[in-house]
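What follows is a short report on a single structure.
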Amino acid sequence: MTPALATAAAPPHQAAGFWRTYVVSTDHKTIAKQYLTLGLVMALIGGYLAYVMRWQLAYPDTSVPGFGFVGPETYNTLVTMHGTIMVFFVAMPILLGTFGNFLIPLMIGARDMAFPKLNALSFWLLATGSLVLVVSFFVPGGAAAAGWTGYPPLSARAEYTGVEWGLNLWLLAHAIEFAAFLLGGVNFLTTAITMRAHGLTPGRLPLMIWQLLTASVLFLLSVGPLIAGAIMLLMDRIAGTGFFLPDRGGEPLLWQHLFWFFGHPEVYVVLLPPLGAVLEVLSVFSRKPIFGYRLIIGGTLAAGALSFIVWAHHMFVSGMDPRLAMPFSITTILISVPFALIMFAMIATLWRGSIRFETPMLWALGFVAMFITGGLTGIFNGSAPADIYIANTYFVVAHFHYTLFAAVFFGGFAGLYFWYPKMFGRMLGDRLGPLHFWLTLVFFNLTFFPMHWLGLAGMVRRIADPTQYEMLVPYQYLNVFVTVSSLGLIVAQGIFLLNFFLSLVRGRMAPANPWQAATLEWTTSSPPPHGNWGPALPEVERGAYDYSFPGAAQDWLPQRRLAVPAIAGGQE
Amino acid sequence: MEDVAFRAPASPGQSRGEARTGGEAALRGKIAIWWFLASEIMLFGGLITSFVLARLGGAAGTHEPLNVTVAAVNTFVLLTSSYTMVEAFAAAEHGNRPGMRFFLAVTVLAGLGFLGLKVYEYSGEIAHGFTPGRGGFWSFYYTMTGLHALHVLIGVVVNSALLVMAGAAIRRPYRVELAGLYWHFVDIVWIFLFPLLYLT
Chain X
1 MTPALATAAA PPHQAAGFWR TYVVSTDHKT IAKQYLTLGL VMALIGGYLA YVMRWQLAYP
61 DTSVPGFGFV GPETYNTLVT MHGTIMVFFV AMPILLGTFG NFLIPLMIGA RDMAFPKLNA
121 LSFWLLATGS LVLVVSFFVP GGAAAAGWTG YPPLSARAEY TGVEWGLNLW LLAHAIEFAA
181 FLLGGVNFLT TAITMRAHGL TPGRLPLMIW QLLTASVLFL LSVGPLIAGA IMLLMDRIAG
241 TGFFLPDRGG EPLLWQHLFW FFGHPEVYVV LLPPLGAVLE VLSVFSRKPI FGYRLIIGGT
301 LAAGALSFIV WAHHMFVSGM DPRLAMPFSI TTILISVPFA LIMFAMIATL WRGSIRFETP
361 MLWALGFVAM FITGGLTGIF NGSAPADIYI ANTYFVVAHF HYTLFAAVFF GGFAGLYFWY
421 PKMFGRMLGD RLGPLHFWLT LVFFNLTFFP MHWLGLAGMV RRIADPTQYE MLVPYQYLNV
481 FVTVSSLGLI VAQGIFLLNF FLSLVRGRMA PANPWQAATL EWTTSSPPPH GNWGPALPEV
541 ERGAYDYSFP GAAQDWLPQR RLAVPAIAGG QE
Chain D
573 MEDVAFRAPA SPGQSRGEAR TGGEAALRGK IAIWWFLASE IMLFGGLITS FVLARLGGAA
633 GTHEPLNVTV AAVNTFVLLT SSYTMVEAFA AAEHGNRPGM RFFLAVTVLA GLGFLGLKVY
693 EYSGEIAHGF TPGRGGFWSF YYTMTGLHAL HVLIGVVVNS ALLVMAGAAI RRPYRVELAG
753 LYWHFVDIVW IFLFPLLYLT
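Residue numbers (this note's numbering), protein chains in the order written: chain X, 1 to 572; chain D, 573 to 772.
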């Protein structure tokens, strides 16, 4: 062994101080954990806001324990900041930031990202953006209160919401967040295009990588118009321009077009990474090759392309030209076709598999069930005649929680429980895992399913006190029920946090490949060393899903080329 | 500390893994910058489309008091700077350090000249009362040209950095090429803005 090799094999972390190891590290695995930490901290804030909102809706104008009196203005802030935090500062950091940074180099057999320093910069930009957003709660006038979609004219003039600096900081936080994920997306794509292991052709890439890359492309290509819109909105607020203000010759609908041109691809930016995690988990725990590998890639790309021409389905009641409703209804219903293909491929992967009901698999199955439920209500929202009746009601709130929340929670936890051993080198406790899953599944449905009824009964979004509307008074018991259920849902997440931290110190040491999975990341140690692979980079000789391969000695064939061929008589 | 593990000796699979050669680093840089520019195209595309739609809808008003002559000179200045940027890259590729420094300096000066003329234009317009709050057209005019000027400024900073660290740029000429890709993009944006705002 040469001296260079010996240094390469030694764990370099021991030499570096705390600052270089945990704070300004350029190691993609550390950065992934930083994203995870940030996302979980922001989730606590977003969850706390949800709790205050739900309490207010069940027991209007009583003092919320741990918060105080709410009132309509504060309620607007709660709605706005809950949505903003959960979508941009929880879902994206955890699903794209954590999974993308951790998995892309490991699954493609690289030592790190293409631009490690840029990668660290992306994270610290995002952390700065998060800080700006949190600080905005404490400036005079409070945090933004114009809805997470920030529709003008409400958002364009400080006097309409009473929020001056809160909303400017809200826009600034978004700008920083977009810059962070823009740089991150460029890094993801460059890494996956130029640094794949020898033999890892696009047709052998794990589906998780396909999903992460598609999500990155969607984000890169859709965020520009929203940045343009955000600049215009900021100009309206501070420079006196008239983009969105009718009295200055502006057009409020222009913002909605720019926002949703980004907003709809954005929901797939959030959805695709957990979808990829679920696909990996389903194949591993069914001990079967994924059904329809190429079909799923095609469906993902088709859905990604279609997502750019569906945005106005968010605007059926906005006052836009009604002739636009039909084309956008058609494209919207069309986009359910590729997703239906992917869901069928998931179910077909289960068919006659040797299913192992480990915790990641429970979450993956939960994702399939819940996402189909959310997808079905999407058809109602997507067709203009039905949507005009239910737009801006709790039916829509129920729909996007069944899709987004299901993706983030069920898909995200499938991935976290699956890759936790690889990330932290210890197994997550397997008693608390199923308990966490079942409680979340039950309370999730108890919380969000009744919202469909509330919406059909006419309860609109963003009202602080439903009891002020006579027609809603008979349904107030449902609001109380939803609130009590949501408390259960929040408390159930405590089990995860407990499990997470207990397992960090007391968990069983994880072997390299605890789930007997085939993809590259399971052939290095848990957690992988700095540089991931020791002296020689891995080479790939087969696809990612060779489970139960006929004639093989074990029921999975690793992607990685081994010193001893996995099948007697040569390869493939 | 992070580089230690990356200096492992070459193995068959290594060639695609680590950017030890200039060619690989250049390829990575180019792929990254093209994705970045794709996103920039959508940013300016969003602005330009909004402007065109507002204009067609009659909301944006007229552009009469704009100084077309100054803007035409400015267009010429910016186009010329794209040419000198190409010459700077050619010189860097041939290891011609004085040549690269000369053409980078001209490019930076042209960028600064463009910004100077833009400030002259702005001050004239504001002096005549055409501020951003004057209405639809002026909202778009200041936002679009302002965002473009910000991009020019960033390009000037990048090119100046290459000029100051000329030794590094000669060793890695692809850096001049990457800066050039960005600079040409900024140029092309102006080619869209000039006729849209000043001539139509």
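For each residue, glycine too, the CB sits at the ideal point set by N, CA and C.
These numbers come from a predicted model, not from an experiment.
Determine whether the Cβ of residue i lies closer than 8 Å to any Cβ atom of chain X.
i	result
S622 of chain D	yes
L768 of chain D	no
R747 of chain D	no
R600 of chain D	yes
S711 of chain D	yes
A604 of chain D	yes
L615 of chain D	yes
W762 of chain D	no
L719 of chain D	yes
A626 of chain D	yes
L619 of chain D	yes
G708 of chain D	yes
W755 of chain D	no
Roughly how far, in whole angstroms, is the beta-carbon of residue i from the beta-carbon of residue j, given that I think they are within contact range, below 8 Å?
i	j	result
M361 of chain X	F285 of chain X	4 Å
L619 of chain D	A175 of chain X	Not a contact, Cβ separation roughly 15 Å.
F367 of chain X	G411 of chain X	5 Å
N683 of chain D	S654 of chain D	According to the sequence as given, residue 683 of chain D is Gly; it is not Asn. The Cβ separation is near 11 Å, so there is no contact.
G166 of chain X	V139 of chain X	6 Å
T447 of chain X	V480 of chain X	Actually they are not in contact, since the Cβ atoms of T447 of chain X and V480 of chain X sit about 12 Å apart, beyond 8 Å.
R669 of chain D	A738 of chain D	6 Å
Report buried or exposed for residue i, applying the criterion of at least 16 other Cβ atoms within 10 angstroms of its Cβ.
i	result
N392 of chain X	exposed
H700 of chain D	exposed
H666 of chain D	exposed
S611 of chain D	buried
R579 of chain D	Interpretation of R579 of chain D is limited by its pLDDT of 37, a score under 50 that renders its predicted location unreliable; the figure taken from the coordinates is listed afterwards. Its Cβ having fewer than 16 others within 10 Å, R579 of chain D is exposed.
Q34 of chain X	buried
P584 of chain D	The predicted model places P584 of chain D with a pLDDT of 39, which falls under 50 and marks its position as unreliable; any figure quoted below should be read in that light. Label assigned to P584 of chain D: exposed.
P3 of chain X	Its pLDDT being 36, under 50, P3 of chain X is placed unreliably in this model, and the value from its coordinates should be taken loosely. Label assigned to P3 of chain X: exposed.
L504 of chain X	exposed
M326 of chain X	exposed
P416 of chain X	The amino acid at residue 416 of chain X is misidentified as Pro; the sequence shows Leu. So L416 of chain X counts as buried.
M471 of chain X	exposed
T440 of chain X	buried
F648 of chain D	exposed
F18 of chain X	exposed
R323 of chain X	exposed
I342 of chain X	buried
K29 of chain X	buried
Can a CB atom of chain D be found closer than 8 Å to the CB of residue i?
i	result
I227 of chain X	yes
F115 of chain X	yes
R248 of chain X	yes
I231 of chain X	yes
L212 of chain X	no
G425 of chain X	no
G224 of chain X	yes
Strictly below 7 Å CB to CB, what residues from chain X border residue i?
i	result
P704 of chain D	M235, A239, G240 and T241
M737 of chain D	The contacting residues do not exist; M737 of chain D stays about 17 Å from chain X at best.
A610 of chain D	L220 and L221
T679 of chain D	Going along chain X, no residue has its Cβ under 7 Å from T679 of chain D, so there is no contact; the nearest lies around 24 Å.
Below 9 Å on C-beta distance, what does residue i contact in chain D?
i	result
G433 of chain X	Going along chain D, no residue has its Cβ under 9 Å from G433 of chain X, so there is no contact; the nearest lies around 33 Å.
G488 of chain X	Those do not exist, as G488 of chain X stays about 42 Å from chain D at its closest Cβ, beyond 9 Å.
List the residues of chain X that residue i touches, going by C-beta distances under 9 Å, in chain order.
i	result
T715 of chain D	A228, I231, M232, M235, A239, T241 and F243
Does the beta carbon of residue i fall short of 7 Å from some heavy atom of the ligand MN?
i	result
L498 of chain X	Ligands in the displayed structure: none, and consequently the ligand MN is not present.
- [ ] Name, going along the chain, the residues of the region 183-197 of chain X whose beta-carbon falls closer than 9 Å to a beta-carbon of chain D.
- [x] L183, G185, V186, N187, L189, T190, T191, I193, T194, M195, R196 and A197
Task: Cβ-based contacts, 9 Å cut-off: residues of the region 642-675 of chain D near chain X - done: none
Task: chain D contacts from the region 251-282 of chain X (Cβ-Cβ distance under 7 Å) - done: E251, L254 and L258
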